[in-house]
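There are 2 protein chains.
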Amino acid sequence: MTRQELFENIKKKKSFLCVGLDTDITKIPQHLLKSEDPIFEFNKQIIDATKDFAVSFKPNMAFYETQGAKGWISLEKTINYINKLSPDLFTIADAKRGDIGNTSKMYAKAFLENLNFDSITVAPYMGEDSVTPFMEYKNKWVILLALTSNSGAHDFQLNEMYSTFEKGIDVNSPLEKGIDVNSPLEKGARGIELYQQVLAKSKSWSTPDNMMYVVGATKAEMLTDIRKIVPESFLLVPGVGAQGGSLEAVAKFGMNKQCGLLVNSSRGIIYASTAENFAEKAREEAMKLQVEMSILLDKFL
Amino acid sequence: MTRQELFENIKKKKSFLCVGLDTDITKIPQHLLKSEDPIFEFNKQIIDATKDFAVSFKPNMAFYETQGAKGWISLEKTINYINKLSPDLFTIADAKRGDIGNTSKMYAKAFLENLNFDSITVAPYMGEDSVTPFMEYKNKWVILLALTSNSGAHDFQLNEMYSTFEKGIDVNSPLEKGIDVNSPLEKGARGIELYQQVLAKSKSWSTPDNMMYVVGATKAEMLTDIRKIVPESFLLVPGVGAQGGSLEAVAKFGMNKQCGLLVNSSRGIIYASTAENFAEKAREEAMKLQVEMSILLDKFL
Numbered sequence: 063m064t065r066q067e068l069f070e071n072i073k074k075k076k077s078f079l080c081v082g083l084d085t086d087i088t089k090i091p092q093h094l095l096k097s098e099d100p101i102f103e104f105n106k107q108i109i110d111a112t113k114d115f116a117v118s119f120k121p122n123m124a125f126y127e128t129q130g131a132k133g134w135i136s137l138e139k140t141i142n143y144i145n146k147l148s149p150d151l152f153t154i155a156d157a158k159r160g161d162i163g164n165t166s167k168m169y170a171k172a173f174l175e176n177l178n179f180d181s182i183t184v185a186p187y188m189g190e191d192s193v194t195p196f197m198e199y200k201n202k203w204v205i206l207l208a209l210t211s212n213s214g215a216h217d218f219q220l221n222e223m224y225s226t227f228e229k230g231i232d233v234n235s236p237l238e239k240g241i242d243v244n245s246p247l248e249k250g251a252r253g254i255e256l257y258q259q260v261l262a263k264s265k266s267w268s269t270p271d272n273m274m275y276v277v278g279a280t281k282a283e284m285l286t287d288i289r290k291i292v293p294e295s296f297l298l299v300p301g302v303g304a305q306g307g308s309l310e311a312v313a314k315f316g317m318n319k320q321c322g323l324l325v326n327s328s329r330g331i332i333y334a335s336t337a338e339n340f341a342e343k344a345r346e347e348a349m350k351l352q353v354e355m356s357i358l359l360d361k362f363l
Numbered sequence: 063m064t065r066q067e068l069f070e071n072i073k074k075k076k077s078f079l080c081v082g083l084d085t086d087i088t089k090i091p092q093h094l095l096k097s098e099d100p101i102f103e104f105n106k107q108i109i110d111a112t113k114d115f116a117v118s119f120k121p122n123m124a125f126y127e128t129q130g131a132k133g134w135i136s137l138e139k140t141i142n143y144i145n146k147l148s149p150d151l152f153t154i155a156d157a158k159r160g161d162i163g164n165t166s167k168m169y170a171k172a173f174l175e176n177l178n179f180d181s182i183t184v185a186p187y188m189g190e191d192s193v194t195p196f197m198e199y200k201n202k203w204v205i206l207l208a209l210t211s212n213s214g215a216h217d218f219q220l221n222e223m224y225s226t227f228e229k230g231i232d233v234n235s236p237l238e239k240g241i242d243v244n245s246p247l248e249k250g251a252r253g254i255e256l257y258q259q260v261l262a263k264s265k266s267w268s269t270p271d272n273m274m275y276v277v278g279a280t281k282a283e284m285l286t287d288i289r290k291i292v293p294e295s296f297l298l299v300p301g302v303g304a305q306g307g308s309l310e311a312v313a314k315f316g317m318n319k320q321c322g323l324l325v326n327s328s329r330g331i332i333y334a335s336t337a338e339n340f341a342e343k344a345r346e347e348a349m350k351l352q353v354e355m356s357i358l359l360d361k362f363l
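Shown next, in the form of structure tokens:
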């Protein structure tokens, strides 16, 4: 899917909602456990119930791998179901992969070719050659972890770095529009944080047409700084709903001319109820978010 | 497996070799493709041929996931085969996972409980709560990425950071034995590199009995600095063999009183030949490394 197509789908549905399919066998309604493939059955009903209000679906791999080969089959059925249902649904393999080039290529094949996801989340720690193999597929996307919504984001992502300015990296191109590299360095007191470094440096390997970023919504006010570095890129924002975070603040600080946002909700939608009418309840929660998003699109787009 | 048990196995075999099972269906000998599960058949023959010279086996998940559910079954058979063959073989799921706590827990269950690996490689980018769920299994291990052997290590891992010293982190405990935090900061000219920060900070979440580190061998001289931060920890060193890197330098700069090293070779062993006698050739390559390691253990232990 191209960036323009994603934007068209957002406008059409008046929604930038991504539904996270973090399907935990211990949390799905009891009555589904009788079916042959309870995880797929659950996903199918959730997808059918929420597809009118969501532009994207994001299964998290951990929940499938914990079921072994059977889980992988549930995953295959899920992605095939979504792809068959509509080419307009943007699919995200939330895998947070990343390895040496040779090996990242294998992961890319697994998720973007074999399973035919539109995109995959990738961890940046191993640098450029661990990320670029995922960008070799036309109209497919890397969604690079930048700022995550968990408490551990403070351990490394929010630490400041400075030496890159001295080591011959071209600070002018990715950074010039964003961070004021001169003032903090002249003062000798402030660098840029690791997640900002990830945003800035990855811009030299990618374009806003093949890379998005994960940006945690618990820090909505930071979206202003983030938008200075990556004004055009789509941002995948987790952490609205069960993990807290205000949708209005995300839209206010993060929206760009093509919306530029996919806001994920997992537990708040898929576990809205564990009764037999769970799908209906999920639909109601998805619709609530879509209504709110529709208003925010009118206000900020 | 405990640290002491691993050390006993190293002394018994006079080897600190880990064989990387990066089993690529397009690279294994043609005649195996006739068998029902070529990947498992290849692994089985490699394991049988090299087990006398290796203390550890490390399948990389990417090579299995690229085969879908079938690949997951090959992986299950492989880990079960190793575990049944000998409890003395230290098994590593090279998965480089890491997600929010809730989700990392699922990955931990998948690899350390269901598949019963002794250890899993984990990416540090998301911080403490993404790593600690993997440490809830007794005598199982996290192998945290610190310094990797690919060129992308220069993008973030080798960048210097400084602000943590100002932000109330207890610089005395993990760092005091290692890096001289005073001098670089007083000069205002040098911080510590991100990978050193990962080593230092993760020490406060872990012990040398439940955490090891991935340290790329292409930078053997850096092992001196690394040993100042993590003197007791085991280090998993990739990049000897096909990726280059001197075994002697790794032993010289990296070995501690319990050896403290697992040196991995993948392609150099498993693809030594693609002829029908590939396993015999793999055995020869593994033996060569074991002989060299035996000498290095005598010299540096």
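Here the protein sequences come in this chain order: F and G. Using this note's numbering, you'd call the opening residue of the first sequence number 63 and step up by one each time. Using this note's numbering, you'd call the opening residue of the second sequence number 63 and step up by one each time. Beta carbons are placed, not taken as given, at the ideal position from N, Cα and C, and that holds for glycine. Since the structure is predicted, the reported quantities are computational estimates derived from the model, not experimental observations.
Residue i (DSSP reduced to helix, strand or coil)
i	result
G82/G	strand
A157/G	strand
Y143/G	helix
A185/F	coil
N105/F	helix
V312/G	helix
L40/G	Lying before the first or after the last residue shown, residue 40/G is absent from chain G, which here runs from 63 to 363.
S118/G	strand
L324/F	strand
L209/F	strand
V243/G	Caution is warranted here: a pLDDT of 43 is assigned to V243/G, below 50, making its placement in the model unreliable, and no coordinate value can be reported.
M273/F	strand
V292/F	coil
E338/F	coil
I162/F	coil
L297/F	strand
K76/G	coil
N221/F	coil
E354/G	helix
P100/F	helix
V302/F	coil
W134/F	helix
E255/F	strand
For residue j and residue i, the rounded distance between their alpha carbons
i	j	result
I421/F	Q258/F	With chain F covering only 63 through 363, there is no way to say anything about residue 421/F.
I182/F	W134/G	19 angstroms
G214/G	C80/G	23 angstroms
A311/G	F218/G	25 angstroms
I162/G	A185/G	12 angstroms
R345/G	I332/G	9 angstroms
V277/F	I141/F	24 angstroms
L209/G	F362/G	23 angstroms
M188/F	M63/G	28 angstroms
Q66/G	L94/G	38 angstroms
F78/F	E294/F	16 angstroms
I357/G	L151/G	21 angstroms
Q352/G	K76/G	7 angstroms
Closest residue to residue i among the options (Cα-Cα distance)
i	options	result
E175/G	P100/G, N145/G, L323/G and K361/G	N145/G
K158/G	S166/F, S295/F and T153/F	S166/F
M284/G	L324/G, Y169/G, S211/G and W267/G	S211/G
L83/G	F125/G, L177/G, E342/G and L323/G	F125/G
F69/G	E342/G, F296/G, F362/G and L358/G	F296/G
T269/F	S327/F, M197/F, L95/F and E98/F	M197/F
T153/F	L177/F, G160/F and M168/F	L177/F
A341/F	I108/F, K350/F, A170/F and E103/F	I108/F
F173/F	F78/F, L137/F and Y143/F	L137/F
N105/G	M355/G, N164/G and S328/G	S328/G
V260/G	Q320/G, L309/G, L324/G and E190/G	E190/G
G160/G	E222/G, L298/G and T194/G	T194/G
Same chain, Cβ closer than 7 angstroms to residue i, five either side skipped, listed in chain order
i	result
I87/G	P100, I101 and Q129
T112/F	V81, I331, A344, R345 and A348
Neighbourhood of residue i by C-beta distance below 6 angstroms, restricted to the same chain and skipping five residues each side
i	result
L220/F	E255
D156/F	K120, N122 and T183
S245/F	The predicted model places S245/F with a pLDDT of 37, which falls under 50 and marks its position as unreliable; any figure quoted below should be read in that light. Taken in chain order, the list of residues that qualify is empty.
T286/F	F315
Sequence-distant residues of its chain with Cβ nearer than 8 angstroms to residue i (five each side left out)
i	result
R289/G	F315, G316 and N318
task = Mind the definition here: the segment 266–285 of chain F touches the segment 202–209 of chain F only if three or more C-beta pairs lie below 8 angstroms; say whether that holds.
result = yes
query = Would you say the segment 118–134 of chain F touches the segment 104–121 of chain G, given that touching needs at least three Cβ pairs under 8 angstroms?
reply = no
query = Are the segment 329–343 of chain F and the segment 83–98 of chain F in contact at 8 angstroms, needing three or more beta carbon pairs?
reply = yes
task = Can you give me, in chain order, the residues of the segment 207–223 of chain G that have a beta carbon less than 8 angstroms from any beta carbon in chain A?
result = Absent here is chain A; the protein component of the structure consists of chains F and G.
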